[in-house]
Structures are given as C-alpha cells and as structure tokens.
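Student: Sharing a structure with you now.
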Amino acid sequence: MSTAEIRTVFWQDGQVCLIDQRKLPDSFEIARCQTYAQVAEAIRTMVVRGAPAIGAAAAFGMALAAQQSAAQDSQALYADLQQAAELLRKARPTAVNLAWAVAQMLKSAQSALEQDVATLKDTLLARAQQIADADVQINQRIGAYGAALVPERATIIHHCNTGSLATVHWGTALGVIRSAHEQGKQLHVLVDETRPRLQGAKLTSWELLQLGIPHTIIADGASGYFMRRGGVDLCLVGADRIAANGDVANKIGTYNLAIVARAHNVPFYVAAPWSSIDLSLAHGDLIEIEERSAEEVTAINGVRIAPEGATAANPAFDVTPHEYISAIITEYGVLRPPFAERLAELAARLNERTV
Ligand code: MRU
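Just so you know, we're using my numbering here: the sequence shown kicks off at 334 and counts up by one.
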C-alpha cells in the first residue's frame, strides 16, 4: 500500500495510530498513543491536524479512555469518559468536529449504560471505528458533488491542507480535486503555501505529488496576482466550523483569499462535512479562534527568521463572512445562498431523516 492510501488515523493493537504530520514531507512516521492524554497532546501539538482528522482521533481517544478505565460498573466508566471528554475537547477550540466526535461518543455510552463494562468498552470502540469509516464515505460523497462544479482543465486555488491528511482519508476540498482528477478533468492546482505552519507547501504538495495531480506552490500573498492575471477558475477551501448563517472559520488567510476571489469574480467554494456545521452559533464572530504560539510566526522549522525580541500574533483561523462564499459542498449536496435558510432546511430534513 502506498503511503497515500494509509489512513491518517487508525486503531491498531489497542493504540491510536496517527500519521505524524509534523515530520512530513521529509519522513513518514506513525505516532502511537497509548493513553487518551497522549491523544489530546497529539491533537494540541498538531501531530494530527485538520478538522475531521482531529474529530476521528478524539473518537478513538474516547475509546482508549474506556479501554484504560479500571471502572467496575458502567456508571463509573461513564464518569471516566466525561473526564477524558473534557481534556480532549480542550485540545483545540476552533474545529467543531472535535467537540462533535466527543459528544457522539458520550451519547453512545449514555445510551448503552445497561451493558456490562466489557461490552460497553467494545461498543465504544465500534462507535469510534464507525465514525472513522463514515468520514471516508462522507468525503467521497463530498468529492462527487463537488467535482460537478469543477470545469475541464480548471485552474484551482486551494488553501491549507484539506486532503487525506486532514481527514481519515480522501479529504474535503482536496477530495473534490481528487474526484475531479479521477474523472479525467485536467486540473492545475495553485497551492497556497499557508503560513505560518506551511500546511500547503508541506502537506498538500506531498499529497498532490503522490496522486499525480499537477500543481504549483505559491506564496499566500500571490493569489491576487494570479487572479488578476486571469485563468483562475475557482477557489476551493475546507472549514473548521460553519455558523448557522454560513460564515466559515477556516485556516488563517482564507478570508483574504475570499475577498480577492470576489474582486475578480472567481467562484469561492467551501467543502465540509455536516459535522463541521454548528447551528448553535448564529454567526461566525461567535466562533472561538485559536491563538497559537508566536514562535510559529517568528521561526520556520525551529529556525528564527525574525529579529530576536520581535513580537508576533498568531491567530490560527479567520472567519469568512457568508456573502463571499459561492457554495458550501456537503455530503448531502451543494448548498447555495441564502445559507441560513438552506442550512436550516437541511437540518430539519436530517432530523426527520428524509435525506
Ligand atoms: O490548523 P490546521 O492545520 O488543523 O487547520 C486545518 C484547516 O484549516 C483545514 O482547512 C480545515 O480543518 C478543513 S480540513 C478538511
């Protein structure tokens, strides 16, 4: 199996295994977590990153917490799970998939409390596996819906990394690109390098090379140059959280890209699973934005580039207001504005299970 086909997050021999994304593209290594606290730390330090991938890692982290627990009855096991949930949820605040996956695991435990401890542990591991397996299918559905929006011979600007590495497998926005590529559309991807952590230059380029998809890495600030010159057909990005009105929190720089796209009449598409949608928040300004360390800005790969003593700010995400977004591609189809209405309609259909 090529490294491109290995799942980003998987369970093996009682451990949560993660492709160590801090090491790519130079080396391909699997990090193994033996405790749920190690899973939380791996999420915090971005061994694993990308909204759906950290959701799946947290689900397996909860399964690991169950396996580790010395509880003698299901109620005591549930108390241990609540403790693990708190630690895992706090690992990163912006991507709602993390809180979503933890909530799914607690819900599964809650509805199986009549089981004995050993059976409940098995139930939770099966549920985590199901969340991971579903992620792959969901991404492939997003890919199929999204590929229909991609013209033949398209040039696409992509921001951050939204591929197999950001999910369990396949990817969201990059999954759309992969699906369109597999349909034989001849694509060229302009890969935003994505400062400060360079997910585009390091991870997206690595994935595209393995998939044989032609691409060119560009500095984040170059997107305006390329759009003004003409020949960019669309922008495709993922999401960490989408509010009820369609505002999108995603990797820092997404907002700038959306504004430039609007200025040049370039369609701006967001691809995300339903688990990235947070209808409890009316608009994007209510989304908590993670602040990461200044060193991620003042140094690259641990080598200082700014003068000693310089200060830096490092918001990891920004919010793109819904009016800049042409469509949101989900596993249930392509949503067009007005997003508040379309999202509420889809939520109602999902509640009635008519989707
Ligand atoms: O800080 P990261 O690398 O976890 O941020 C990832 C992104 O912003 C992605 O665009 C988003 O999670 C969607 S991934 C399918």
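The beta carbon of each residue, even a glycine, is placed where N, CA and C say it ideally should be.
Since this is a predicted model, take the numbers as computed values, not measurements.
Once you ignore the five residues that flank GLY504 on each side, which residues in its own chain have a CB closer than 7 Å to its CB?
Tutor: Taken in chain order, the residues that qualify are ASN472, THR495, GLY496, SER497 and ARG511.
Student: Could you say which of CYS568, ALA645 and GLU621 lies nearest to LYS423 if we only look at CA atoms?
Tutor: Minimum Cα distance to LYS423 is reached at GLU621.
Student: Is it a yes or a no for the segment 584-599 touching the segment 556-575, going by three-plus beta-carbon pairs under 8 Å?
Tutor: The segment 584-599, when compared against the segment 556-575, does touch it at the 8 Å Cβ threshold.
Student: Can you find the residues in the same chain that come closer than 8 Å, C-beta to C-beta, to THR549, ignoring five residues on each side of it along the sequence?
Tutor: Answer for THR549: HIS521, VAL522, LEU523 and VAL524, listed in chain order.
Student: Does the segment 534-548 come close enough to the segment 351-361 that 3 or more CB-CB pairs lie under 8 Å?
Tutor: Yes, they touch.
Student: Within the chosen definition, does the segment 590-610 reach the segment 654-667 through at least 3 CB pairs nearer than 8 Å?
Tutor: Touching, per the Cβ criterion.
Student: Could you round the C-beta distance between LEU453 and ALA399 to whole angstroms and report it? I think they count as a contact, below 8 Å.
Tutor: That belief holds up - the Cβ atoms of LEU453 and ALA399 are roughly 7 Å apart, short of 8 Å.
Student: Residue range of the alpha helix (DSSP H) that PHE672 falls in?
Tutor: Where PHE672 is concerned, the enclosing alpha helix (DSSP H) stretches over 672-684.
Student: Would you kindly work out how many angstroms separate the C-alpha atoms of GLN408 and LEU414, rounded to a whole number?
Tutor: Straight-line Cα distance between these residues: approximately 10 Å.
Student: Taking C-alpha atoms, which residue in SER626, VAL509, ASN634 and LEU567 lies nearest to ALA301?
Tutor: The requested residue 301 does not occur in the structure, where the chain is confined to residues 334 to 688.
Student: Take every Cβ of the segment 391-405, pair it with every Cβ of the segment 361-379, and state whether three or more of those distances are shorter than 8 Å.
Tutor: Result yes; three or more Cβ-Cβ pairs closer than 8 Å.
Student: With a CB to CB cut of under 8 Å and the five nearest residues on each side skipped, what residues in its chain are close to GLN448?
Tutor: Excluding sequence neighbours, GLN448 sits near SER407 and THR456.
Student: When DSSP builds the beta bridges, which residues end up paired with ALA660?
Tutor: Looking at the DSSP assignment, ALA660 forms a beta bridge with TYR602.
Student: Between PHE601 and ligand 1, is there a pair consisting of the residue's CB and a ligand heavy atom that are separated by less than 8 Å?
Tutor: Not so, every heavy atom of ligand 1 lies at least 8 Å from the Cβ.
Student: Our contact map puts VAL501 next to ARG340 with C-beta atoms below 8 Å; I'd like the distance itself, whole angstroms only.
Tutor: Contact flag correct, Cβ pair sits at about 5 Å.
Student: Taking the alpha-carbon positions, what's the LEU531 to LEU446 distance?
Tutor: Between LEU531 and LEU446, the C-alpha separation is close to 44 Å.
Student: Alpha carbon to alpha carbon, how far is GLN348 from GLY479?
Tutor: About 34 Å.
Student: I want to check one thing, is the minimum distance from the CB of ALA591 to the heavy atoms of ligand 1 below 8 Å?
Tutor: No, since every heavy atom of ligand 1 falls outside the 8 Å radius drawn around the Cβ of ALA591.
Student: Any idea if ALA645 is buried or exposed, counting beta-carbon neighbours within 10 angstroms, 16 or more meaning buried?
Tutor: So ALA645 counts as exposed.
Student: Report the partner residues of LEU523 according to the DSSP bridge assignment.
Tutor: DSSP lists ILE490 and THR549 as partners of LEU523.
Student: Between GLU624 and VAL450, what straight-line distance do the alpha-carbon atoms span, to the nearest angstrom?
Tutor: Cα to Cα, the separation comes out at about 39 Å.
Student: Skipping 5 residues on each side, what residues in its chain have a beta carbon closer than 7 Å to that of PHE650?
Tutor: Hits under 7 Å: THR427, ASP573, ALA582, ASN583, LYS584, ILE585, ILE622 and GLU623.
Student: Using 10 angstroms around the beta-carbon of ARG686, count the other beta-carbons present and answer buried if the total reaches 16, otherwise exposed.
Tutor: By the neighbour-count rule (16 or more Cβ atoms within 10 Å), ARG686 is not buried but exposed.
Student: Return yes when the Cβ of ALA384 is within less than 9 Å of the Cβ of VAL429, no when it is not.
Tutor: Yes; because the gap between Cβ atoms is below 9 Å, this pair is in contact.
Student: Relative to the alpha-carbon of ALA465, which residue among ALA404, CYS350 and ALA487 has its alpha-carbon at the smallest distance?
Tutor: Ranking ALA404, CYS350 and ALA487 by Cα distance to ALA465 puts CYS350 first.
Student: Apart from the five residues on each side of it in sequence, which residues of its chain come closer than 6 Å, Cβ to Cβ, to TRP344?
Tutor: Here the set comprises PHE393.
Student: Do ILE489 and ligand 1 come close, with the Cβ less than 8 Å from some heavy atom?
Tutor: No; taking the cut-off as 8 Å, the Cβ of ILE489 has no heavy atom of ligand 1 nearer than that.
Student: Tell me where the beta strand (DSSP E) around GLY617 begins and ends.
Tutor: From DSSP, GLY617 is part of no beta strand (DSSP E); its letter is neither H nor E.
Student: Put LYS454 into one of helix, strand or coil per three-state DSSP.
Tutor: Helix, per DSSP.
Student: Do ALA681 and GLY617 have their C-beta atoms closer together than 9 Å?
Tutor: Contact flag unset, no.
Student: Return yes when the Cβ of CYS493 is within less than 9 Å of the Cβ of GLY571, no when it is not.
Tutor: Taking 9 Å as the Cβ cut-off, GLY571 and CYS493 qualify as a contacting pair.
Student: Around the Cβ of SER402, are there at least 16 other Cβ atoms within 10 angstroms (buried) or fewer (exposed)?
Tutor: Buried, since its Cβ has 16 or more Cβ neighbours within 10 Å.
Student: What do you reckon, is the C-beta of ALA559 under 8 Å from a heavy atom of ligand 1?
Tutor: Sequence check: residue 559 is Phe here, not Ala. False, no ligand heavy atom lies under 8 Å from that Cβ.
Student: Ignore the nearest five residues each way along the sequence and tell me which others in ALA639's own chain have a CB closer than 6 Å to its CB.
Tutor: Result list for ALA639: THR631, in chain order.
Student: Does ILE585 come out as helix, strand or coil in the three-state DSSP assignment?
Tutor: The answer is coil: DSSP assigns ILE585 none of H, G, I, E or B.
Student: Please identify the residue among PRO547, GLY545, TYR665 and ILE551 whose C-alpha is closest to the C-alpha of GLU526.
Tutor: Residue ILE551 is the option with its Cα nearest to GLU526.
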